[in-house]
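Notes to accompany the following structure.
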Amino acid sequence: MPAKPQSERSVTRTYRTAIKLGDDFITIEETITLPIDADDQTVQQAVDLGWRIFRSQREAVEQQIAHIREQHAAATAITVRDPDAPASERQRNFIASLQQALGWSGEKLAAFAHEHGYDLVALTKGQASAFIDELRRVQEEQQRLAVAEERARYANQPVSDKQRNAIQSLARELALDAEAEAQRRFNVTVDQLTNEQAAILINDWQARQRTGPTNKRSG
347 MPAKPQSERS VTRTYRTAIK LGDDFITIEE TITLPIDADD QTVQQAVDLG WRIFRSQREA
407 VEQQIAHIRE QHAAATAITV RDPDAPASER QRNFIASLQQ ALGWSGEKLA AFAHEHGYDL
467 VALTKGQASA FIDELRRVQE EQQRLAVAEE RARYANQPVS DKQRNAIQSL ARELALDAEA
527 EAQRRFNVTV DQLTNEQAAI LINDWQARQR TGPTNKRSG
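So the sequence shown is numbered by my numbering: it starts at 347 and just counts up by one.
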């Protein structure tokens with residue numbers, strides 16, 4: 347099978363979490379896909395957008411669940427049924443799903459369980475529920491760190507040619523001295539800007555560009 351052209355090759359990153367509701371779980375995920383030759387600014391914007399959407403979805407679901415719990419707490423308290431009974435197949439499947447999402451081997455999962463006082467072979471429903479909560483906390487922290495690392499990696503990259511061209515174009519349109527603005531804002535030349543600093547300038551100037559005509563008409 348012939349290889350895909352460079353323009354059709356892509357990289358995908360998925361953010362995934364699960365919210366527990368009694369014995370059941372609601373899984374939320376958000377996936378971003380970019381061409382393999384995407385520039386640094388495009389990647390950073392996509393990562394930020396994907397993370398914001400993912401967090402908004404999770405917060406919305408958590409708020410809905412919290413509201414349900416408040417409304418029905420007295421009549422239908424959400425608890426694990428038969429907490430001393432053996433862990434259910436659904437719970438064990440979900441533990442396996444979280445293990446896969448974390449990229450852990452069976453040995454690492456067993457070591458983590460032992461460290462937190464759980465016997466994977468003899469898990470009860472109540473223990474499995476608590477263990478899943480532990481795994482979810484690790485997963486959320488892992489995702490938070492991954493996003494922070496990606497942001498830092500792209501933020502510290504040198505200004506790209508696309509960003510440099512955008513800065514020069516916006517500066518001409520807004521009658522600004524790009525070099526003077528870079529020195530004033532970041533104490534560097536345009537060529538010495540980082541990806542993040544360039545993105546800040548571009549975003550600020552694009553916002554000024556959008557409001558410019560309105561200000562002129564009102565003046």
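Ideal Cβ positions, reconstructed from N, Cα and C, are used throughout, including at glycine.
For ARG530, the enclosing alpha helix (DSSP H) starts and ends at 524-532.
In the DSSP assignment, PRO504 is bridged to THR540.
For THR535, the three-state secondary structure derived from DSSP is coil. Within the same chain, Cβ atoms closer than 8 Å to the Cβ of ALA517 are found at ASP523, ALA524, GLU527 and TRP551, the five residues on either side in sequence being excluded. Using a 10 angstroms sphere on the CB of GLU542, the tally of other CB atoms reaches 16 or more, which defines it as buried. With a 10 Å radius around the Cβ and a threshold of 16 neighbouring Cβ atoms, SER451 comes out exposed. A straight line joining the alpha-carbon of ILE378 with that of GLN390 spans about 11 Å. In terms of Cβ geometry, GLN509 and LEU539 form a close pair [threshold 9 Å].
Distance from the Cα of GLN529 is smallest, within the candidate group GLU519, ASP385, LEU547 and ASP507, for LEU547.
Judged by DSSP secondary structure, LEU520 falls outside any alpha helix (DSSP H); it is assigned neither H nor E. Taking a C-beta distance under 9 Å as the contact criterion, LEU444 and ARG482 qualify as a contact pair. Of the candidates GLU519, PHE532, VAL536 and GLY396, the residue whose Cα lies closest to the Cα of ARG556 is GLU519. Ranked by how close their Cα comes to the Cα of PRO381, the residues LYS471, THR358 and ARG497 have THR358 in first place.
Taking one beta carbon from each stretch, the region 459-468 and the region 489-507 have fewer than 3 pairs nearer than 8 Å; the two do not touch.
Distance check between ARG438 and each of ALA384, ALA474 and VAL393 places ALA474 closest, using alpha-carbon atoms only. Nearest neighbour of ALA521 by Cα position, chosen from PRO432, ARG554, GLN446 and ASN533, turns out to be ARG554.
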